[in-house]
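Peer 1: Dropping the structure in here first, questions after.
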Amino acid sequence: PPGLAAVTRRRAPLGDLAVEAELARQFGDHARTSLAAGDAEAAALAHLLSYVRETYPAALGALQRVRPVVDGASLALDQRTLRNLDVFPGQGQTSSLYQALNHCRTPMGARLLRSWLTRPLRDGPRLAERHDAVDWAAVHPIEREQLQALLRGLPDIGRLAGKVGARSAGPRDLHGLRAGLRAALDLGAMLNRVQQPALIAGATGRLAATAEPLLALDAALDPDPPASFDEGGVINPGFNGEVDTLRAMTRDARGFLLGLERLERERTGIRSLKVGHNRVFGYYIEVSAANAALVPGHYQRRQTLVGAERYVTEELKEHESRLMGARERLSELEQRIFGQLVETLAAGLEGLQALAEAVATIDLALALGEVAAAHAYTRPAFNEGERLRIVDGRHPVVELALGPGRFVPNDCLLDDDCQVLILTGPNMSGKSTFLRQVALIALMAQAGSFVPAAKAELPLFDRIFTRIGAQDDLAAGQSTFMVEMVETAQILHQATPQSLVVLDEVGRGTSTFDGMAIARAVLEFLHNRREAAARTLFATHYHELTALAGILPRVRNAHVAVHEEGAEVVFEHRIVPGPSDRSYGIHVARLAGLPAAVVTRAGHLLEELEA
3 PPGLAAVTRR
13 RAPLGDLAVE
23 AELARQFGDH
33 ARTSLAAGDA
43 EAAALAHLLS
53 YVRETYPAAL
63 GALQRVRPVV
73 DGASLALDQR
83 TLRNLDVFPG
93 QGQTSSLYQA
103 LNHCRTPMGA
113 RLLRSWLTRP
123 LRDGPRLAER
133 HDAVDWAAVH
143 PIEREQLQAL
153 LRGLPDIGRL
163 AGKVGARSAG
173 PRDLHGLRAG
183 LRAALDLGAM
193 LNRVQQPALI
203 AGATGRLAAT
213 AEPLLALDAA
223 LDPDPPASFD
233 EGGVINPGFN
243 GEVDTLRAMT
253 RDARGFLLGL
263 ERLERERTGI
273 RSLKVGHNRV
283 FGYYIEVSAA
293 NAALVPGHYQ
303 RRQTLVGAER
313 YVTEELKEHE
323 SRLMGARERL
333 SELEQRIFGQ
343 LVETLAAGLE
353 GLQALAEAVA
363 TIDLALALGE
373 VAAAHAYTRP
383 AFNEGERLRI
393 VDGRHPVVEL
403 ALGPGRFVPN
413 DCLLDDDCQV
423 LILTGPNMSG
433 KSTFLRQVAL
443 IALMAQAGSF
453 VPAAKAELPL
463 FDRIFTRIGA
473 QDDLAAGQST
483 FMVEMVETAQ
493 ILHQATPQSL
503 VVLDEVGRGT
513 STFDGMAIAR
523 AVLEFLHNRR
533 EAAARTLFAT
543 HYHELTALAG
553 ILPRVRNAHV
563 AVHEEGAEVV
573 FEHRIVPGPS
583 DRSYGIHVAR
593 LAGLPAAVVT
603 RAGHLLEELE
613 A
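Following our numbering, the numbering of the sequence shown begins with 3 at its first residue and continues without gaps.
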């Protein structure tokens, strides 16, 4: 699956009894039944738990529940498609769909956006809930901005709850969690004053889970605790009597030293006598060398300095012992009480995690509403058939890069009469951008976002396949053409009538006739095989393939419009019906900066070939 790393474990698989034991250890007795897991799911989960237990056992405390991935409930996207569509930023990339949509104010919302984009829905009612929430956020800018101001700077409740579950939270972590819970209460209060769509209303209801943990934190935790227990002051004054007593003892140490200093000066008559402390020797009485004759006999020499001597007394040693014991006892007691507080919070961990999910849902709905309002996105409509109709569609990422009003919008229609659209036109004219924008609009719609179009009606796709661009897979020893063929084969084996297939320049990695033959065979397969009859966008430089529109009944042609102004060719970036009559490759070569002599010679050779 996208975004996950594969690790090979070189050990024997768990047997049936070990699987049951692993699940029971994490989720309690009868875990197999409560999880409703089949044999394969139970075994997979048990092996994952075993691996985490070996590598990061503390993380298991945060794992309270498991949600199964229901087959067919989401739009399947493989890693290749996510990469080809620039859904997430790749190495060295400065723009992606994720970045274009991520107006979230919290890390929780940003993580949820990643989840929605990775696993878009195929569930109409759930999608309607998401779109209702985005719609509400888009048309209520004042409420949206007020809520987003509250969300900005809100601590990451999800991560902090994970630390609580892993028993690794420190005093400042719980301080941050408390601040997050208070902000969540304020968020809920603000939302309860307005009419909310179902998705946000459900999330608002879960914000009430803040009350109990917030009471526990306010009672036990100091209003501004230090980062570590060494500094003291972690537990709230008045929460524990023994802590208060020990804290008073340590706080009065300075007063004791000043009092002892006055008393010893009076006893000895040494007016320059000092009582002090350092980390090496502890507490001491310092007397200058000039007053050495006045030192009482019960003073015990501890350190000799230039011009002074340092001493201790039994009274001073007893006080030091009591003080050190008090500090150690205070630190131990504060740590024990803090541990009990963490356990109290961990007992309600599921509620904290649900609270984090609720905040993330609200944040993401507001963010998508903000994007929709700012860029004139529209709410997509879904049909129960296989018709895709986009009016004035735009590429969400390219549009942002170009700036307002500069992107040329285009329509797209795929239906029972046009199952396959063959797209021709010169390089750099916008064919690949058009292919990607149609796929991205479908993905965004099923993720729950509004889409960059004047109107969009779509089916609920089961998968989006893309074969765009090519490069050698050196690690696997595969050439560019082999990679292209392997990817195309996977598409042909897995595509269904509910899929969207985007193919760009299939067959270009081999000779012209081989490539053309393969490209045509692929098109015929997708058109003629009922079980693989996906809605297909097919960009090609093989102009001979445009003849298929007169042979195969559900194939249509379109091309990118260009016009000539003298010797110059202007790309209009408009998709219009019918095949392209020329490729304008030599013009593109000129734009790319090939030497004039090469461009001129290529023009002469083209005339000879076309004669």
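Even glycine gets a Cβ: it sits at the ideal position worked out from N, Cα and C.
On the DSSP bridge list, what partners appear for ALA78?
Peer 2: Residue numbering aside, residue 78 sits at position 76 when the sequence shown is read from its first letter. Paired residues: ARG465.
Peer 1: For LEU611 and GLY552, I'd like the C-alpha separation in whole angstroms.
Peer 2: Reading the sequence shown from its first residue, position 609 is the one you call residue 611. Reading the sequence shown from its first residue, position 550 is the one you call residue 552. One C-alpha to the other measures close to 26 Å.
Peer 1: Just how far apart, CA to CA, sit SER170 and TYR285?
Peer 2: Mapped onto the sequence shown, residue 170 falls at position 168. Mapped onto the sequence shown, residue 285 falls at position 283. The straight-line gap from Cα to Cα measures roughly 36 Å.
Peer 1: Taking CB distances under 8 Å as the criterion, tell me whether GLU43 reaches chain B.
Peer 2: In the structure shown, chain B cannot be found, because there is only a single protein chain.
Peer 1: Grab me the residues of MET110's own chain with a C-beta within less than 7 Å of its C-beta, minus the 5 sequence neighbours each way, in chain order.
Peer 2: Position 108 of the sequence shown, counted from the start, is the residue given in the question as residue 110. Excluding sequence neighbours, MET110 sits near ASP158, ILE159, GLY160, ALA358, VAL361, ALA362, ASP365.
Peer 1: Should VAL572 and VAL562 be called a contact, given that it needs their Cβ atoms to be closer than 8 Å?
Peer 2: One-based indexing of the sequence shown puts residue 572 at position 570. One-based indexing of the sequence shown puts residue 562 at position 560. Not a contact, by the Cβ cut-off of 8 Å.
Peer 1: With distances taken from CA atoms, which of GLN439, ASP464, MET487 is nearest LEU539?
Peer 2: Indexing the sequence shown from 1 puts residue 539 at position 537. Nearest of GLN439, ASP464, MET487 to LEU539, Cα basis: GLN439.
Peer 1: Kindly indicate which residue of ARG558, VAL422, LEU442, LEU262 has the alpha-carbon position closest to the one of PRO499.
Peer 2: Here the question's residue 499 lines up with position 497 in the sequence shown. Minimum Cα distance to PRO499 is reached at VAL422.
Peer 1: Can you tell me whether ASP506 is helix, strand or coil according to DSSP?
Peer 2: The count along the sequence shown starts at 1 and reaches residue 506 at position 504. Here ASP506 sits in strand by DSSP.
Peer 1: Tell me, which residues are paired with HIS589 by DSSP?
Peer 2: The residue given as residue 589 occupies position 587 in the sequence shown. Per DSSP, none; premise fails for HIS589.
Peer 1: Would DSSP call ILE144 helix, strand or coil?
Peer 2: Residue numbering aside, residue 144 sits at position 142 when the sequence shown is read from its first letter. Of the three classes helix, strand and coil, the one that applies to ILE144 here is helix, per DSSP.
Peer 1: In its own chain, which residues sit with a C-beta less than 7 Å from the C-beta of SER98, not counting the 5 before and 5 after it?
Peer 2: In the sequence shown, residue 98 corresponds to position 96, counting from 1. ASP88, VAL89, PHE90, PRO91, VAL399, listed in sequence order.
Peer 1: From MET487, HIS495, THR83, ALA534, pick the residue whose C-alpha is nearest to that of GLY517; which is it?
Peer 2: Along the sequence shown, one-based indexing puts residue 517 at 515. Considering only alpha carbons, the answer is MET487.
Peer 1: For PHE540, report the span of its beta strand (DSSP E) as first-last.
Peer 2: Along the sequence shown, one-based indexing puts residue 540 at 538. Where PHE540 is concerned, the enclosing beta strand (DSSP E) stretches over 537-541.
Peer 1: Just curious, the beta strand (DSSP E) that ASN293 is in, first and last residue?
Peer 2: Taking the sequence shown and counting its residues from 1, one reaches residue 293 at position 291. Taken as a continuous stretch (DSSP letters only), ASN293 belongs to no beta strand (DSSP E), as it is neither H nor E.
Peer 1: Tell me the DSSP secondary structure of GLY300 in three-state form.
Peer 2: Locating residue 300 in the sequence shown gives position 298, counting from the first residue. Looking at the sequence provided, one finds His at residue 300 rather than Gly. Three-state DSSP puts HIS300 in coil, outside helix and strand.
Peer 1: Where do the ends of the alpha helix (DSSP H) carrying PRO428 lie?
Peer 2: The residue given as residue 428 occupies position 426 in the sequence shown. Per DSSP, PRO428 belongs to no alpha helix (DSSP H) and is neither H nor E.
Peer 1: Can you tell me whether DSSP reads GLN448 as helix, strand or coil?
Peer 2: Residue 448 sits at position 446 when you count from the first residue of the sequence shown. GLN448: helix per DSSP, three-state reduction.
Peer 1: Assuming LEU460 is part of the beta strand (DSSP E), what are its boundary residues?
Peer 2: Here residue 460 is taken as the residue at index 458 of the sequence shown, counted from 1. Here the beta strand (DSSP E) through LEU460 covers 457-460.
Peer 1: State the DSSP-derived secondary structure class of ASP475, mapped to helix, strand or coil.
Peer 2: The residue given as residue 475 occupies position 473 in the sequence shown. At ASP475, the pLDDT of 44 sits below 50, so the modelled position is not reliable and the matter cannot be decided from this model.
Peer 1: Taking the Cβ atom as the reference point for each residue, do LEU283 and GLN305 lie within a distance shorter than 8 Å?
Peer 2: Numbered from its first residue, the sequence shown carries residue 283 at position 281. Numbered from its first residue, the sequence shown carries residue 305 at position 303. Checking the sequence, you will find Phe at residue 283 rather than Leu. Cβ distance < 8 Å, so PHE283 and GLN305 count as in contact.
Peer 1: Mapping DSSP to helix, strand and coil, what is ARG391?
Peer 2: On the sequence shown, residue 391 is found 389 positions in, with the first residue counted as 1. Strand at ARG391.
Peer 1: Looking only at C-alpha atoms, which of ARG128, GLY30, GLY235 sits nearest to ALA200?
Peer 2: Reading the sequence shown from its first residue, position 198 is the one you call residue 200. Considering only alpha carbons, the answer is ARG128.
Peer 1: Note down the Cα distance separating GLN337 from TYR53, rounded to an integer number of angstroms.
Peer 2: For the purposes of this step, residue 337 is identified with residue 335 of the sequence shown, where counting begins at 1. For the purposes of this step, residue 53 is identified with residue 51 of the sequence shown, where counting begins at 1. Looking at the two C-alpha atoms, the distance is approximately 30 Å.
Peer 1: Kindly examine the ligand ATP and report whether one of its heavy atoms sits closer than 7 Å to the Cβ of ILE339.
Peer 2: Within the structure as shown, the ligand ATP is missing, as the structure has no ligands at all.
Peer 1: Using CA coordinates, which residue listed in ALA383, ALA458, THR426, LEU404 is at the minimum distance from ASP413?
Peer 2: Within the sequence shown, residue 413 is the residue found at index 411, counting from 1. Ranking the options by Cα distance to ASP413, first place goes to ALA458.
Peer 1: Once the 5 residues before and after HIS279 are set aside, which same chain residues still bring their CB inside 6 Å of it?
Peer 2: What you label residue 279 is simply residue 277 of the sequence shown in a count that begins at 1. Cβ neighbours of HIS279 beyond the five flanking positions: TYR285.
Peer 1: Suppose you measure from the CA of GLY509 to the CA of ALA541; what does that come to, to the nearest Å?
Peer 2: The residue given as residue 509 occupies position 507 in the sequence shown. The residue given as residue 541 occupies position 539 in the sequence shown. GLY509 and ALA541: Cα-Cα distance of roughly 11 Å.
Peer 1: Quick one, which of VAL590, ALA229, ALA222 has its alpha-carbon nearest GLY243's?
Peer 2: As a position in the sequence shown, residue 243 is number 241, starting the count at 1. Checking every option, the nearest Cα to that of GLY243 belongs to ALA222.
Peer 1: Looking only at C-alpha atoms, which of PHE527, VAL578, PHE483 sits nearest to GLU493?
Peer 2: For the purposes of this step, residue 493 is taken as residue 491 along the sequence shown, with counting starting at 1. It is worth fixing the name first, because residue 493 is Ile in this sequence and not Glu. For ILE493, the nearest C-alpha among the options comes from PHE527.
Peer 1: State yes or no: is the C-beta of ALA45 within less than 8 Å of the C-beta of VAL21?
Peer 2: Position 43 of the sequence shown, counted from the first residue, corresponds to residue 45. Position 19 of the sequence shown, counted from the first residue, corresponds to residue 21. The answer is yes: Cβ separation under 8 Å.
Peer 1: Would you grab the beta carbon distance between ASP232 and GLY240 for me? Rounded to a whole angstrom, and I think it's under 8 Å.
Peer 2: Translated into the one-based positions of the sequence shown, residue 232 becomes position 230. Translated into the one-based positions of the sequence shown, residue 240 becomes position 238. Between GLY240 and ASP232 the Cβ distance is about 22 Å, and since that is not below 8 Å, they are no contact.
Peer 1: Going by the beta-carbon positions, is the gap between ARG249 and GLY261 smaller than 8 Å?
Peer 2: To locate residue 249, count along the sequence shown from 1; it is residue 247. To locate residue 261, count along the sequence shown from 1; it is residue 259. No, these two residues do not count as a Cβ contact at 8 Å.
Peer 1: Could you tell me which whole alpha helix (DSSP H) segments of length 4 or greater appear in the stretch 96-141?
Peer 2: DSSP runs (the alpha helix (DSSP H)) wholly in the stretch 96-141: 99-103, 109-120, 126-141.
Peer 1: Less than 8 Å separating the beta-carbons of GLN150 and MET192?
Peer 2: By one-based count along the sequence shown, residue 150 stands at place 148. By one-based count along the sequence shown, residue 192 stands at place 190. Result no, Cβ atoms of GLN150 and MET192 do not sit closer than 8 Å.
Peer 1: Can VAL136 and GLY371 be called in contact, C-beta distance under 8 Å?
Peer 2: The count along the sequence shown starts at 1 and reaches residue 136 at position 134. The count along the sequence shown starts at 1 and reaches residue 371 at position 369. Closer than 8 Å, so yes.
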